[in-house]
Structures are given as structure tokens and as C-alpha cells.
Amino acid sequence: MIYGYNSPMDRNYDVKNGEPEEKILGIKDIGLAMAMGIGARNIPEIASKIRSGAGSLEIQFMGAGRGSQQGETPGMFGKYHRQALRELSKVSDVSLTTHASVGIPGLAGQDQQGNFSDEQRKMALDEVKRAIEFAADTALGGSVVIHTGEFQRPISEEQWAEGGKKFSGFEKEEEKAVIRVVNKKTGQVLTQIRKNEEVSRPVWRRNKNDEYIDYDGNVVSRGERVPVFNKEKGTFDVKDVKWESFVDEAKEMTEENRKKYGANFDKEKHTVTPEEAFLIATTEGQARIAKGWALNYSEGLNKEFDLLKQLKEEKEMLEENLKTMPEDEKWKIKNKIKRIEEGEGRQNPGIKDLEQSIKARQEMVTGQLQQANDQERLGENVMSAKKYALEKSFSGYALSGMRAMEETKKKNLEKPLFITMENIFPESYGGHPEELKKLVLESRKEMEKMLMKKGSSESEAKQLAETHIKATLDTGHLNLWRKYFNGPEKEFDKWVLDQTEDLAKSKIIGNVHLADNFGYQDEHLAPGQGNAPIKEMIKILKKHGYKGAYTVECGSSATTDASYFHGMMKTWEYLGSPVYSMGAARDGLPPAQWQNIQHSYFGQTYPPSFVFGAYSPSNEWTLWSNVPME
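Using my numbering, you'd call the opening residue of the sequence shown number 41 and step up by one each time.
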């Protein structure tokens, strides 16, 4: 387009175009996301986006493991590619950021079956590691985005959901939610508990103070409690209990831990959750059943051992007598020995009967005792999936922060590398702003511990952790909470802005993704094309001093517009970047609006107010007075 060419013959040469728009961000401030293998495949295609006007670029890797044509990975870009990107960035004065594989669902190590495995976690950590190395070679520092989404959890169960009143995944989720429990030694899911299920449990003997007592009335611990015996029925009392019962039991168990650990009580580690209480109670019940059967099968076992010993001694004595007996009398002794060996029915079992009975009892008793021990061991290793996953996640992000720090020092980068955890979809942990904030702050604490073990001071460790572990705020992902919000639209917009303000105040944001949608799915509309309050969010970030990258993710434009880059131009329009025109230079007239631009940009159908391309005469063929040739 030739902005320098304008003629009195052109339409709108001297037309006032309206009031100037509020400028939120300039063109130089707005970057573009490059999904490698989809939005761009090679260095020339990346360069074309820079020439189109992108202020910065985020190189996003769509593949994990071994790369492919549609899912490129950092490993597909060799030394020459990395050098070219580095030089391209410098010569064009366009900064680069990096996005680790989008196939990583957090660093807890959860696999497709819902279990947590060290193998899955190692794969995710390796993907982050090579993205960090790529960023060090190309961007010479800056943000390396990592998707969160540590594990799926019921929305209504979180404290910020206010019991389903503010947010809920579906109708009556707070009653029907599924809670998972894992084995903390293996990461395998032990059970899935649905909150509206009823289970049978013993009625425990208690005194007036609600303390557990035995049959003699003595106060006992929870592990020694006994069920109420119903004399009329001749059985022990049981009752059906609901989730609330395990909420109360979890509080009891937490208080026991508080007394047990005293000053060393760790709220995060030693607080027992209702799902843990549920499974612990279940394993305790299974252990009791197994022990009961073991006692039942072992009853009378001593008598059988004594009788067997007696019969064997009697047999030995008869066999000795048999050696000295006359031949015509031996048959009597042999018959007695036979009766001793084979027995005479249940009332008079023989050696074979007793040995078989003892062996069967031994198998049953040892099997039941083994099962009881297994259940007790399982109860000791019960852990809520949330608690287990977060421990792994904090450690994983801390390790990645350490890697970013090491690469920064090793390659003497001009700016520090840092990981930025991105708030992902509402259905997974890390999608809510409070969860994102917790992931960042707790991961920083883990990194501080790692650094202090290596000799750093507390203040130095804290500063390094804050430098190398941050967050990416995705406006589109935050807007997806709209479909789970139980309230009016305006109230939701206020919630979004309040959450943005809280994150901005906490100084954890190191990167921003600008994307829009209508609150249902992550459609990657250009900012301003959905209903997310993006302008207001940016104003809040700027107010609190955020000066990092703003990256537009407008993937839908690749299919619904004439080109992917149309999404970028829509963003320029939305955020108030001016359109340069002759009119703006004359008589104090306001600049042209983006809506004035012809169909080839924003779909307007009226003729343009300027000429360009082959239609426009060359600027070289003008008179010395610059009067147009026509």
C-alpha cells in the first residue's frame, strides 16, 4: 500500500473520519503466535509474519516426542535454523518468546488413564527442557510457556466455587462429583468416589463426650474402637452413611495428626481429606474382615496339631511293635495303623485327614492375614489425587525453573529465561486464577529449597525463583469460566477483572496471550470478536506495571478470514492502533478509522479511499512539483 500517494480525485480526501479511537496498545506492542506446523513451517514463513507487522513472535510447538509435519518440535530446528531465527529477530528488532509442546498437560505426570506415572512426568519435563534450550539459542531469554492442567477435578469442590453457588461443572455437581484417591507410592488411582453414594459402616461405641470406648467403657483410640453389639438381633449394628460422615471423620483424623505431630504439623501434608478418610475407613474394614476370617480358620488348629502329633507317635509305636510280632498277629497291628492313617470319619480323623485339614487352614489363615496386612499397608499409603498431583507439580515446575536459570548462566544470555505457567481450561487444575497463582508461588518455594541446598542464601534463592518462575495469563482461557458461572454476565466480567487485578498485584505475570471467544470453547477468535473484556484486562495489567509480551492467538482467522494475519489486523483495530492517512496530516483532522478500509482487510464492501498495488501509479513518475500525473 502506498500511503504517500493521495489525490484530490480520491474519495474521502478531505472527509472528517470521526473521533480518534483510544489507543490501548500500539502495533509494536502486539505479537503474534506461530503454531509450528500449522501457522508456519519454516524460517521464511516466520519471516513473512515479521514483515507483515508483528511486533513480536511466540514460537509455539504443537508436537511432542518425535516431530511431524503438522506437529513440529524444537528438535526439528538445527543449529543453522536457530542461528537464522536469532539473527532474524535482531535485524528486525522483533523479540521472540517460546511455547513448550501444547501436548503437555502439566507436570504432575497424569496419563490418559488418570494414573500418575514417573514415565509420563519425565516425558513432560523433557519437553519443557528442550523448549528452554531452544529459547536460549533463539530468543536469547524470555518466556517459555508451559500448559498447566495438572489433573481433572470437580469445579464445585474448590473453595472459590463456594460449594457450587458461584461455579459448578454441571447441575448438582456438588452432590454428584467424582473424587479420586491414589496410592502415594505408585501414583495409581485406587478408587473413584461419587459423593452421592451411600456406604455401610459400623456404629461405633462412644461415651457422652463422643469419645470412642471399648466394651469395658475405657476410652480408646480411633484404631481400637469397637462396634455396638445389638443384643436383641445378636449382631453388630451397621448404618448407611453419606459423604458428610467422612467429612466429619476427616476432621477427627486431622485432629489426631495435629496431636501426633505437634509443632511439626504441616497443614497441607497432614490434613486428612474426606476422600482419604473414606478409603482409610474402607481399608480398615477390609482388614478387620480378613483378620476375623483368619481367627475363624485358626480356631481349633492347636487341637488338630496335638491330635496329629499323638497319632504319629502311636503309629511309630505300632510300627516298632510290628517288628517283633508273630506273622499271624501282624494283621491286627496293620489294621490299626491303617485306621490311624486313614481315620474313621469326622469323629475320628486320621493322619491324612488332619494333615489335609491343617494345610487348608494354614492356607486360609495365612492368606487372610496377608490380605489384612495388604489392606493396612494400603490404608497407610492412601492420598487424595489432588494432594499427590500438586506435590509432583510443584517439584516439576521448580526443576524447570532451575533449568531456565542454568541455561541463562551457561549461555550468558542478555535477558533471563523464565518458565510461565499458562492458565488452561476450567476442567483441569491450573485453569482458575487462584490455582495458577498457587502453582507459581508454591513452585517458587520448592525452587528456593533446591537453591538453598546448593548454597544460596535465602534472599538470593527467593530472588532467583521469582525471576525464573512466572505465569502466562490467557484471556481466552479465563473467559471460558463464563459457561460455569452461576450469575449475570456483568457480574462475570467484574469477576474476570478482579481476578486479573489480583494476579497483576501479585507480580507473577510474565507473559500474556490475547485470544477471544464466547465463553464456550477455546476458539481463538481475534481480540474484540468475542465477549471477553480484553481491553479492560490490558488496562489493569498496564496499571500495575506489566511490560512483557502480548501475543495474539487468532487461529480461527486462518479458516474464517482471507488469511491468518487478518486476525492480527482485527486486533490492531480493536486496541486502537491508528490508520495512517493524508487526512490526519491536514488541518488537525482525526485519523482514518479501521472501518474505512476496503474489503481486502475487514470485509467492508464500499470503495476504498485510497489506491494501491498495480492500480496506483509509481511514485517515481511524478512531476518535480509532485502533482499527480492524471
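Cβ atoms here follow ideal geometry from the backbone N, Cα and C, with glycine treated the same way. Please read these numbers as outputs of a predicted model, since none were measured by experiment.
Residue i (DSSP reduced to helix, strand or coil)
{"i": "D250", "result": "coil"}
{"i": "D280", "result": "strand"}
{"i": "Y469", "result": "coil"}
{"i": "F174", "result": "helix"}
{"i": "V405", "result": "helix"}
{"i": "N297", "result": "helix"}
{"i": "S483", "result": "helix"}
{"i": "E339", "result": "coil"}
{"i": "V312", "result": "coil"}
{"i": "A625", "result": "Because the pLDDT of A625 is 48, which lies under 50, any placement of that residue in the model is unreliable, and the number read from its coordinates should be weighed accordingly. The answer is helix: DSSP assigns A625 an H, G or I state."}
{"i": "D306", "result": "coil"}
{"i": "N223", "result": "strand"}
{"i": "V168", "result": "helix"}
{"i": "I144", "result": "coil"}
{"i": "D601", "result": "coil"}
{"i": "A438", "result": "helix"}
{"i": "Q123", "result": "helix"}
{"i": "R674", "result": "Past the boundaries of the shown model lies residue 674; the chain is included only from 41 to 670, so the question cannot be answered."}
{"i": "L65", "result": "coil"}
Per-residue burial, residue i [other beta carbons within 10 Å of its own, 16 or more giving buried]
{"i": "N82", "result": "exposed"}
{"i": "S640", "result": "Model confidence at S640 stands at a pLDDT of 46, short of 50, so the residue's coordinates are unreliable; what they give is reported in the following sentence. Under this definition S640 is an exposed residue."}
{"i": "P145", "result": "buried"}
{"i": "R241", "result": "buried"}
{"i": "F191", "result": "buried"}
{"i": "V134", "result": "buried"}
{"i": "P194", "result": "buried"}
{"i": "V185", "result": "buried"}
{"i": "A400", "result": "exposed"}
{"i": "F174", "result": "buried"}
{"i": "V278", "result": "exposed"}
{"i": "Y437", "result": "buried"}
{"i": "G118", "result": "exposed"}
{"i": "E339", "result": "exposed"}
{"i": "V480", "result": "buried"}
{"i": "T406", "result": "exposed"}
{"i": "A501", "result": "buried"}
{"i": "P114", "result": "buried"}
{"i": "R484", "result": "buried"}
{"i": "V312", "result": "buried"}
{"i": "D346", "result": "exposed"}
{"i": "Y255", "result": "exposed"}
{"i": "R220", "result": "buried"}
{"i": "D368", "result": "exposed"}
{"i": "A171", "result": "buried"}
Alpha-carbon to alpha-carbon, residue j and residue i
{"i": "A334", "j": "E324", "result": "15 Å"}
{"i": "P389", "j": "M357", "result": "19 Å"}
{"i": "Y45", "j": "T611", "result": "Its pLDDT being 49, under 50, Y45 is placed unreliably in this model, and the value from its coordinates should be taken loosely. For Y45 and T611, the distance between alpha carbons rounds to 26 Å."}
{"i": "I78", "j": "G111", "result": "8 Å"}
{"i": "V266", "j": "K224", "result": "28 Å"}
{"i": "E284", "j": "K216", "result": "13 Å"}
{"i": "L504", "j": "G71", "result": "27 Å"}
{"i": "F558", "j": "F605", "result": "21 Å"}
{"i": "G149", "j": "A164", "result": "7 Å"}
{"i": "I578", "j": "G595", "result": "21 Å"}
{"i": "F465", "j": "G143", "result": "13 Å"}
{"i": "S96", "j": "I548", "result": "21 Å"}
{"i": "N427", "j": "K162", "result": "Inspection of the sequence shows that residue 427 is occupied by Lys rather than by Asn. Approximately 19 Å, taken between the alpha carbons."}
{"i": "G585", "j": "A303", "result": "40 Å"}
{"i": "L520", "j": "K331", "result": "52 Å"}
{"i": "V536", "j": "E197", "result": "20 Å"}
{"i": "Y614", "j": "E213", "result": "38 Å"}
{"i": "S496", "j": "S435", "result": "18 Å"}
Residues that residue i bridges to, as DSSP identifies them
{"i": "L554", "result": "V592"}
{"i": "S183", "result": "F458"}
{"i": "P366", "result": "P366 is not bridged to any residue."}
{"i": "W244", "result": "P267"}
{"i": "D5", "result": "In the structure as shown, the chain begins at 41 and stops at 670. Residue 5 is therefore absent and cannot be evaluated."}
{"i": "T137", "result": "E98"}
{"i": "A75", "result": "Q100"}
{"i": "A80", "result": "M76"}
{"i": "Q192", "result": "S468"}
{"i": "D514", "result": "H553"}
If contact is defined by three or more beta carbon pairs under 8 Å, each pair taking one atom from either stretch, is the segment 549-560 in contact with the segment 508-520?
yes
Touch test, the segment 555-573 against the segment 599-615, Cβ-Cβ under 8 Å, three pairs minimum
yes
Could you tell me whether the segment 315-322 touches the segment 413-423, using the rule of 3 or more Cβ pairs below 8 Å?
yes
Counting Cβ pairs, one atom from each stretch, are 3 or more of them under 8 Å apart for the segment 472-490 and the segment 450-464?
yes
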